[in-house]
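Quick note: this note's numbering has the sequence shown finishing at residue 303, numbered continuously throughout. C-beta atoms are modelled at their ideal positions from N, C-alpha and C, and glycine is treated no differently. Shown next, in structure tokens, is the structure this report addresses.
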Amino acid sequence: MADSSNADQKYRQYHPYQDMYNLPIQNLYNLPTSPEYLFHEESARQRRSWSENLQYYTGSGYLSGSIVGGIKGSVEGLRAAEVGDPLKIRINRVLNAGGHTGRRFGNSLGVVGMMFAGIESWLIHVRDSDDLLNSVGAGLGTGALYRAASGPRSAVIAGAFGGLAAGLAVAGKQAVKRYVPI
Numbered sequence: 122m123a124d125s126s127n128a129d130q131k132y133r134q135y136h137p138y139q140d141m142y143n144l145p146i147q148n149l150y151n152l153p154t155s156p157e158y159l160f161h162e163e164s165a166r167q168r169r170s171w172s173e174n175l176q177y178y179t180g181s182g183y184l185s186g187s188i189v190g191g192i193k194g195s196v197e198g199l200r201a202a203e204v205g206d207p208l209k210i211r212i213n214r215v216l217n218a219g220g221h222t223g224r225r226f227g228n229s230l231g232v233v234g235m236m237f238a239g240i241e242s243w244l245i246h247v248r249d250s251d252d253l254l255n256s257v258g259a260g261l262g263t264g265a266l267y268r269a270a271s272g273p274r275s276a277v278i279a280g281a282f283g284g285l286a287a288g289l290a291v292a293g294k295q296a297v298k299r300y301v302p303i
């Protein structure tokens, strides 16, 4: 008959966390503050790729357009309520108007964001530089292309507005980076 103390000496029981009890808790949550890249070339770039820009601008445009359109539609639904309407009808009117206007605004701004991201990425590729002119040119092209179906005058005005808005956004971002301590 085998002795149980002899069996304990031959075999060691597996315990995956036995070395973790001696570590200070700070080492468990000491995460890197910068992104980790697989390849060195990725870390040398200082900007997002075209696909990341496309997703960012399209998604943020759709989300912000949906929120603003939903609020605008809800206000329109509240104003369209009649005096003798029951509460269920009023709520239904507000939800329908908010959903309809939110979808419309969200889709419109999502398309604008997608066109802006595509034109900006194309300009960066063609000019081989990433500066303020690419964003202004992308805003100009996006505004002109978005309103091109309304005629040349409308396209020129929308292009000028888009270029001005993109230029102000980039200049504001640079001013915030420079003067606001974060």
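Next on the checklist: When you compare the CB positions of G239 and Y183, do they come within less than 7 Å of one another, or not?
Outcome noted: no
Next on the checklist: For G288 and P273, what's the separation of their Cα atoms in angstroms?
Outcome noted: 22 Å
Next on the checklist: On a Cα-Cα basis, can you pick out the residue from G219, G234, E203, P302 that is closest to N174?
Outcome noted: G234
Checklist entry - CB G190 to CB A218, shorter than 7 Å? => result no
Item to check | Cβ shell of L244 (< 7 Å), same chain only, five flanking positions each side left out | outcome: N255, G258, A259
Checklist entry - Going along the chain, which residues of its own chain have a beta-carbon closer than 8 Å to the beta-carbon of S181, five neighbours each way excluded? => result G234
Checklist entry - What residues in its chain sit with their C-beta under 8 Å from that of A281, if we drop five residues either side in the sequence? => result L261, G264
Next on the checklist: Please state the DSSP three-state secondary structure of S229.
Outcome noted: helix
Next on the checklist: Classify A279: buried if its beta carbon has 16 or more other beta carbons within 10 angstroms, exposed otherwise.
Outcome noted: buried
Item to check | Top-ranked residue by Cα proximity to M236, from G223, G220, W171 | outcome: W171
Checklist entry - What do you reckon, are the CB atoms on A202 and R211 nearer than 7 Å? => result yes
Next on the checklist: Let's see if you can read the secondary structure: which residues bound the alpha helix (DSSP H) around V257?
Outcome noted: 253 to 267
Next on the checklist: Mapping the DSSP letters down to three states, classify M122 as helix, strand or coil.
Outcome noted: Confidence is the limiting factor: at M122 the pLDDT is only 49, short of 50, which leaves the residue's position unreliable and the question unanswerable from this model.
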